[in-house]
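Those protein sequences? They're chains A and B, same order as listed.
When you read off a place in the first sequence, starting at 1, and then add 4, the result is the number in the working numbering.
When you read off a place in the second sequence, starting at 1, and then add 8, the result is the number in the working numbering.
A virtual CB, placed ideally from N, CA and C, is assigned to each residue, including glycine.
Before any comments, here is the structure.
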Amino acid sequence: GAGVSQSPSNKVTEKGKDVELRCDPISGHTALYWYRQSLGQGLEFLIYFQGNSAPDKSGLPSDRFSAERTGGSVSTLTIQRTQQEDSAVYLCASSSGLAGATGGDTQYFGPGTRLTVL
Amino acid sequence: AQSVTQLGSHVSVSEGALVLLRCNYSSSVPPYLFWYVQYPNQGLQLLLKYTSAATLVKGINGFEAEFKKSETSFHLTKPSAHMSDAAEYFCAVGYPGGYQKVTFGTGTKLQVIP
């Protein structure tokens, strides 16, 4: 079956512009996660969705970052007024999230969007 | 709070040699533990996971890991490295019950020398 897909694969933008990153999770997965991976850093958790709700937004680094999920499926991560420090690979993952239990879930990752802010 | 520590951001082994990637966790309750692998320009994929069944967990591509509670460790091993094993490896820890954030380590890049 289809895995997690992300678009675009690469995005180059100018400082101060807004960008939208898209994630299509595996069909039927209720849990969806966004992570940021900077050069030489591990995975930085950004936000978790269960269905269309985001019970954990604790990783969003500033109010320039927001995300939504519609129809329990596609999610969009929006970064407003991009800064050079936002340059990173943004990874999306989904998991079954059955009964809201996620601690033991296998997460399935997309290939990521490489964002470069000039 | 749960956390994982991966010792060594870079590890080099010769082709055919033993691979040992170290992971220690901190958890106040019995954890779930994972190893993921990331090949260049790809997302992460699951190698194996421990969910409180057998302490020796076998994964894909000949990798295995042993849960040692007394040492709070979950080291990843493979008896004989192959060139295709060159990648970055991430250890991760989660809790059972309800929504629990999975915490990832900082990763170990494995280089395999021919």
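Whole-angstrom C-beta distance between residue j and residue i, which should lie under 8 Å
i	j	result
Val37/B	Tyr103/B	6 Å
Tyr58/B	Leu41/B	4 Å
Ser17/B	Lys117/B	7 Å
Thr117/A	Leu43/A	With a Cβ gap of about 15 Å, Thr117/A and Leu43/A do not count as contacting.
Bridge partner(s) assigned by DSSP for residue i
i	result
Asp28/A	Ser9/A
His83/B	Glu74/B
Thr86/A	DSSP output for Thr86/A lists no bridge partner at all.
Thr120/A	Val16/A
Asn69/B	Asn69/B is not bridged to any residue.
Glu72/A	Thr80/A
Asp22/A	Beta-bridge pairing links Asp22/A to no other residue.
Val101/B	Leu41/B, Thr111/B
Asp4/A	Look at the range of chain A in this structure, 5 to 122, and you will see that residue 4/A is not part of it.
Asn32/B	Thr13/B, Ser81/B
Thr116/B	Tyr97/B
Ser22/B	Ile121/B
Tyr39/A	Phe49/A, Leu95/A
Inter-residue spacing [alpha-carbon to alpha-carbon] between residue i and residue j
i	j	result
Glu74/B	Cys27/A	34 Å
Arg73/A	Thr17/A	23 Å
Lys66/B	Phe98/B	16 Å
Ile51/A	Asp22/A	19 Å
Gln111/A	Gly7/A	11 Å
Ser11/A	Pro87/B	38 Å
Asp109/A	Ala62/B	17 Å
Ala25/B	Ser92/B	13 Å
Val21/B	Phe71/B	15 Å
Phe69/A	Tyr47/B	27 Å
Ser100/A	Leu55/B	18 Å
Ile68/B	Glu96/B	15 Å
Tyr3/A	Ile121/B	Only positions 5 to 122 of chain A appear in this structure, which leaves residue 3/A out of reach.
Gln45/A	Leu102/A	30 Å
Ser13/A	Asn49/B	10 Å
Glu27/B	Lys15/A	For the record, residue 27/B in the displayed sequence is Val; it is not Glu. Roughly 36 Å between the two C-alpha positions.
Cys31/B	Phe82/B	5 Å
Gly63/A	Ser78/B	32 Å
Ser60/B	Pro65/A	34 Å
Asp67/A	Ser9/A	26 Å
Phe49/A	Gly107/A	14 Å
Residue i and residue j closer than 8 Å at C-beta
i	j	result
Thr80/B	Tyr33/B	yes
Thr80/A	Ala71/A	yes
Gly20/A	Thr86/A	yes
Leu47/A	Gln54/A	no
Tyr39/A	Leu95/A	yes
Asp60/A	Lys109/B	yes
Gly114/A	Gly51/B	yes
Gln14/B	Val101/B	no
Gln53/B	Ala94/B	no
Ala105/A	Gly106/B	yes
Ser98/A	Ala35/A	yes
Environment of residue i [buried if 16+ CB atoms lie within 10 Å]
i	result
Ala89/B	buried
Leu122/A	exposed
Gly75/A	exposed
Pro29/A	buried
Ser57/A	exposed
Glu89/A	exposed
Pro39/B	buried
Gly32/A	exposed
Leu29/B	buried
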